[in-house]
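Numbering (my numbering), first residue to last: 10 to 144.
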């Protein structure tokens, strides 16, 4: 099983709109880990989400254990493109990053069974912080 970090709800914040959309997607795709992650999160109105939280369509920077940094946009599956750094929320890494704050170490088990992690170092763009509450 590809299990993202199982952190307490207080460590994951999801907007009510993202929650509704992602829960529907998780049910359609039989993605139990994602459904559990969003159900355990603290839910907030899009206007109330802190600017340092990874929401859908957030552009972020994250550091790997080896010191390399990645630029990632968390997106829905239809928009995923690994070459462009667009990571699906359905992926183990995407699920682990959703709702996490800058400074958090997001952990998951990769498809091949190894443990993986990224530390969120910055949010370059968050739709809600720029006034887009429907992204």
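Cβ atoms here follow ideal geometry from the backbone N, Cα and C, with glycine treated the same way.
Please state if the CB of residue 130 and the CB of residue 91 are separated by a distance shorter than 8 Å.
no
Are the CB atoms of residue 104 and residue 43 nearer to each other than 8 Å?
yes
Between 38, 141, 132 and 53, which has its C-alpha nearest residue 28's C-alpha?
53
Completely contained beta strand (DSSP E) runs for the stretch 46 to 85, where each covers 3 or more residues:
For the stretch 46 to 85, whole beta strand (DSSP E) runs of length 3 or above, ordered along the chain, are 51 to 53, 68 to 72 and 78 to 84.
For residue 30, which residues from the same chain have a beta carbon less than 6 Å from its beta carbon, with the 5 sequence-adjacent residues on both sides left out?
none
Look at the alpha carbon of residue 145 and the alpha carbon of residue 32, and state the distance between them as a whole number of angstroms.
This structure cannot speak to residue 145, because the chain is shown only from 10 to 144.
Across which residues does DSSP place residue 24 in a beta bridge pair?
53
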